[in-house]
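Novice:
Residue numbers (the numbering used here): 1 to 123.
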């Protein structure tokens, strides 16, 4: 299940309780657009997602921007320590992909890797 930071979460404790059966059955939680939306680091800590998706606003220019570079590097360390996967969104070029790889980000998505395409019908 994916939760976006674009919407404010008024009751984090309630959300955690609501998601508990889902997670007990092996469901995984991803937080999308980290760094863009309403939630602060405390919500990231409280929700304890399995996947942290860094918003493109942190990823764009990561190779040339010391502040973005430092934030992404800290998220790499954080995700490793808590056992979450870290995914960078909005990777548009080789320079960005290389910089993220050097920082230790092993999962990425964006036009550099491929454009959206229709899904082939099953069966």
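Where a beta carbon is used, it is the ideal one built from N, C-alpha and C, also for glycine.
Where in the segment 46-115 do unbroken runs of the alpha helix (DSSP H), each at least 4 residues long, occur, reported from the N-terminal end onward?
Specialist: Taking only runs of at least 4 residues, the alpha helix (DSSP H) segments lying wholly in the segment 46-115 are 56-59, 66-82, 94-103.
Novice: Between the alpha carbons of residue 12 and residue 43, how many angstroms are there, rounded?
Specialist: Your numbering for residue 12 matches position 12 in the chain shown. Your numbering for residue 43 matches position 43 in the chain shown. Straight-line Cα distance between these residues: approximately 7 Å.
Novice: By how many angstroms is the C-alpha of residue 83 removed from the C-alpha of residue 21?
Specialist: Taking the first residue of the chain shown as 1, we reach residue 21 at position 21. Taking the first residue of the chain shown as 1, we reach residue 83 at position 83. Whole-angstrom Cα-Cα distance: 20 Å.
Novice: Could you tell me which residues DSSP pairs with residue 30 in its beta bridges?
Specialist: As a first step, residue 30 must be located in the chain shown, where it is residue number 30. For residue 30, which the question treats as bridged, DSSP gives the partners 2, 51.
Novice: On the three-state DSSP scale, how would you describe residue 17?
Specialist: For this step, residue 17 is matched to residue 17 along the chain shown. In the structure shown, residue 17 sits in a helix (DSSP, three-state: H, G or I).
Novice: Can you give me the C-alpha to C-alpha distance between residue 53 and residue 110, rounded to a whole angstrom?
Specialist: In the chain shown, residue 53 corresponds to position 53, counting from 1. In the chain shown, residue 110 corresponds to position 110, counting from 1. Their backbone Cα atoms lie some 12 Å apart in a straight line.
Novice: So, residue 55 versus residue 34, is the Cβ gap smaller than 8 Å?
Specialist: Indexing the chain shown from 1 puts residue 55 at position 55. Indexing the chain shown from 1 puts residue 34 at position 34. Yes; because the gap between Cβ atoms is below 8 Å, this pair is in contact.
Novice: Taking contact to mean 3 or more Cβ pairs, one atom from each stretch, closer than 8 Å, check whether the segment 64-78 and the segment 93-109 are in contact.
Specialist: As far as the Cβ criterion goes, the segment 64-78 touches the segment 93-109, which means the pair count is three or higher.
Novice: Within 10 angstroms of its Cβ, does residue 68 collect 16 or more other Cβ (buried), or is it exposed?
Specialist: By one-based count along the chain shown, residue 68 stands at place 68. The residue in question, residue 68, is buried, as its Cβ has 16 or more Cβ neighbours within 10 Å.
Novice: Taking the alpha carbon of residue 80 as the reference point, which residue from 107, 63, 24 has its own alpha carbon closest?
Specialist: One-based indexing of the chain shown puts residue 80 at position 80. Checked all of 107, 63, 24; the closest Cα to residue 80 is 107.
Novice: Just to confirm before moving on: does the CB-CB distance between residue 47 and residue 29 stay below 8 Å?
Specialist: By one-based count along the chain shown, residue 47 stands at place 47. By one-based count along the chain shown, residue 29 stands at place 29. Yes, they are a contact pair.
Novice: Give me the Cα-Cα distance between residue 3 and residue 17, rounded to the nearest whole angstrom.
Specialist: As a first step, residue 3 must be located in the chain shown, where it is residue number 3. As a first step, residue 17 must be located in the chain shown, where it is residue number 17. Between residue 3 and residue 17, the C-alpha separation is close to 15 Å.
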